[in-house]
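Data first, discussion second: the structure below is written as C-alpha cells.
Numbering (our numbering), first residue to last: 1384 to 1652.
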C-alpha cells in the first residue's frame, strides 16, 4: 500500500514550520510543500493548485499571525489571505476531515467564521531551544492518527478510470458523430468564432441525416468535450449559438483521418 499523499500550504514566513512538519512525516507520508512540485512555469497558480488538490489524500495548512489588521475597531492577528483561500479550495476537493490547521499555541489568531468548525492542532512556538521539529511532534502525531482513521483516497483508480473512459468514448463514436466533427473541421481555419448554428445545419443537408441524429450527435460531442457551444451576438446585439472544435476534437479528427475521408467522400454524400 502506498503512503498518504500530503500537501502543506503556508505563507513564505511559515516555511520553516512547513519544513519541520514534513520532517516529522517523512516516514509516514509523501509530503509536498507548496514551494516544491506544485507550480509549473507554463501554467497559472490557480490551475496548479486545483490539480494538486485532486492528487492528494490530505492537506495541512499553517495558520500563523502573519498580518495585523483592524476588525471592529480592534487590532487582530490574521492569517495570510492566500493561505485561507487555498485551504477552502482543498476542503472543496477532498473534504473538511482531510484538511488540517496547525497554529502556534497561545496566539490570539482571528479565524474566518466559515472555518470555526475546524479544530486546529497547535504547537509551542516559543521553545527555549528553538527546536521546531520537536515542538511539532504533538501535532504530527495527531495528524498521523487522522491518516489511519480516514484512510487513502482512490486517486490512482480515478485517474485510470478516466483514461479508460476516454478510450470507451472514442470507440463509441458513430458515423454521424464523425460527420459532425468533419463539418466543423471545415471552419477551423476560416471562422474564428466557430460555425453559426444555422450554417452548421445547412452543411449537413448533403448527408441526408435526420434532424434528430444531428442534434444527438452535437449534444454528445459537446458533452464529450470535442466541440464547444458558444453564445455569440452580432453588431445589433442579436444573440445566436455557434459551434467550434476544441483541441481535443481536433486531435480526434487527426486520429480518424481515414474514416472521415471515407464518410465525406463525394460517393458517400
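Just so you know, even glycine gets a beta-carbon here, dropped at the ideal spot from N, CA and C.
Just so you know, these numbers come straight off a predicted model, no measurement behind them.
Looking at the strands, I want to know which residues DSSP matches up with residue i.
i: residue 1505; result: 1486
i: residue 1395; result: BP columns for residue 1395 are empty, so no partner.
i: residue 1390; result: 1415, 1442
i: residue 1610; result: 1628
i: residue 1579; result: 1625
Would you tell me roughly how many angstroms separate the C-alpha atoms of residue i and residue j, rounded to the nearest one?
i: residue 1462; j: residue 1519; result: 19 Å
i: residue 1559; j: residue 1471; result: 44 Å
i: residue 1567; j: residue 1435; result: 34 Å
i: residue 1390; j: residue 1645; result: 50 Å
i: residue 1490; j: residue 1525; result: 20 Å
i: residue 1579; j: residue 1625; result: 4 Å
i: residue 1507; j: residue 1629; result: 53 Å
i: residue 1405; j: residue 1467; result: 20 Å
i: residue 1515; j: residue 1403; result: 6 Å
i: residue 1582; j: residue 1623; result: 11 Å
i: residue 1589; j: residue 1647; result: 10 Å
i: residue 1433; j: residue 1473; result: 8 Å
i: residue 1478; j: residue 1440; result: 10 Å
i: residue 1639; j: residue 1633; result: 10 Å
i: residue 1482; j: residue 1509; result: 25 Å
i: residue 1414; j: residue 1556; result: 41 Å
i: residue 1448; j: residue 1385; result: 35 Å
i: residue 1577; j: residue 1608; result: 15 Å
i: residue 1431; j: residue 1418; result: 12 Å
i: residue 1621; j: residue 1584; result: 19 Å
Where does the unbroken alpha helix (DSSP H) through residue i begin, and where does it stop?
i: residue 1445; result: No alpha helix (DSSP H) holds residue 1445; the beta strand (DSSP E) holding it covers 1441–1445.
i: residue 1601; result: 1594–1606
i: residue 1410; result: Per DSSP, residue 1410 belongs to no alpha helix (DSSP H) and is neither H nor E.
i: residue 1433; result: 1428–1436
i: residue 1480; result: Looking at the DSSP string, residue 1480 is not in any alpha helix (DSSP H), and its letter there is neither H nor E.
i: residue 1566; result: 1558–1568
i: residue 1588; result: Segment: none, residue 1588 is in no alpha helix (DSSP H) and carries neither H nor E.
i: residue 1528; result: 1520–1533
Mind checking whether the beta-carbon of residue i lies closer than 6 Å to any heavy atom of the ligand ADP?
i: residue 1592; result: This structure does not include the ligand ADP; it has no bound ligands of any sort.
Can you tell me where the beta strand (DSSP E) with residue i in it begins and where it stops?
i: residue 1644; result: Premise fails: residue 1644 lies in the alpha helix (DSSP H), 1640–1646, not in any beta strand (DSSP E).
i: residue 1415; result: 1413–1416
Spatial neighbours of residue i within its chain, please: C-beta separation below 7 Å, excluding the five flanking residues on both sides.
i: residue 1401; result: 1391, 1393, 1416, 1445
i: residue 1437; result: 1476
i: residue 1612; result: 1605, 1624, 1626
i: residue 1399; result: 1515
i: residue 1587; result: 1566, 1597
i: residue 1591; result: none
i: residue 1443; result: 1389, 1391, 1404, 1483, 1485, 1526
Here's the rule I'm using: 16 or more other beta-carbon atoms within 10 Å means buried, otherwise exposed. How should residue i be labelled?
i: residue 1649; result: exposed
i: residue 1562; result: buried
i: residue 1565; result: buried
i: residue 1410; result: exposed
i: residue 1397; result: buried
i: residue 1511; result: exposed
i: residue 1637; result: exposed
i: residue 1545; result: Unreliable positioning characterises residue 1545 in this predicted model, as indicated by a pLDDT of 45, which lies under 50. A coordinate reading is not provided.
i: residue 1428; result: exposed
i: residue 1522; result: buried
i: residue 1395; result: exposed
i: residue 1602; result: exposed
Excluding five sequence neighbours on each side, which residues of the same chain lie with their C-beta closer than 8 Å to the C-beta of residue i?
i: residue 1488; result: 1505, 1506, 1507, 1508
i: residue 1635; result: 1553, 1556, 1564, 1609
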